[in-house]
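A.B. asks: There's a structure below that I have some questions on.
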Amino acid sequence: MSVVHIVGSGRRVPDAAVAPAITHSFQGEPVRIIRTLGIAAATAVLATTVVVGGASTAQAAPKTYANCTAVHKVYSGGIAKKSVTKNKVVSGGKTTTRALKGTVKKDDALYKANAKLDRDKDGIACEKS
């Protein structure tokens, strides 16, 4: 950039012929850089939000009950797999099916956590027969 020295004033002023071209091309660059940095920062923030949000939306582990009495206080009919529609009952060596009784919670993850309470292994823990 060439400058013109104004005699007697002690100031240095850019040459009028050179200054507009330099000023114009110089002013465009920071705008592009700032815009690019802004887009990059916004992208980083969104990516972080997605990663953190994905971790925070993970479901808590299903509750494990100590015994059937504790289950019946919450779900009177027990806990069943989602696919179960009937209760299998063995009586006198014969297997029959009966309708589910009480409020049965159908949840695969909850059943899996409490599968130890399903004595007859029919897919319903702590069922009422």
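Going by our numbering, the sequence shown opens with residue -3, and the numbers climb by one from there. Just so it is clear, CB atoms sit at the ideal spot from N, CA and C, and this is done for glycine as well. If you're wondering where the values come from, they're calculated on a predicted model, not measured in any experiment.
1. Considering only the alpha carbon of each residue, which of Val67, Gly98 and Lys82 lies closest to Leu106?
2. What are the start and end residues of the alpha helix (DSSP H) that includes Val67?
3. Taking buried to mean at least 16 other C-beta atoms within 10 Å of its own C-beta, is Val86 buried or exposed?
4. For Lys77, name the three-state secondary structure that DSSP assigns.
5. Looking only at its own chain, which residues have a Cβ that is under 7 Å from the Cβ of Thr99, when we skip the five neighbours before and after it?
6. Counting C-beta neighbours from all protein chains within 10 Å, is the total for Ile35 16 or more, i.e. buried, or is it exposed?
7. According to DSSP, what are the bridge partners of Ile35?
8. If you draw a straight line from the C-alpha of Leu113 to the C-alpha of Ala121, how long is it?
9. Roughly how many angstroms separate the alpha carbons of Asp116 and Lys84, rounded to a whole number?
10. Among the residues of its own chain, which have a CB less than 7 Å from the CB of Asp104, if the five just before and after it don't count?
11. If you run the structure through DSSP and keep just helix, strand and coil, what is Lys112?
12. Taking all protein chains shown into account, do 16 or more other C-beta atoms lie within 10 angstroms of the C-beta of Gly89, making it buried, or fewer, making it exposed?
C.D. replies: Checking against the coordinates, here is how it stands:
1. Val67
2. Taken as a continuous stretch (DSSP letters only), the alpha helix (DSSP H) holding Val67 covers Cys64 to Val70.
3. exposed
4. coil
5. Contacts found: Tyr71, Ser72 and Gly73.
6. exposed
7. Looking at the DSSP assignment, Ile35 forms no beta bridge with any residue, so it has no partner.
8. Spanning the two alpha carbons is a distance of roughly 5 Å.
9. 8 Å
10. Spatial neighbours of Asp104 in its own chain (CB-CB distance under 7 Å, excluding positions within 5 residues in sequence) are listed in chain order as Lys77 and Lys78.
11. Residue state, collapsed to three classes: helix.
12. Gly89 is exposed by the Cβ-count criterion.
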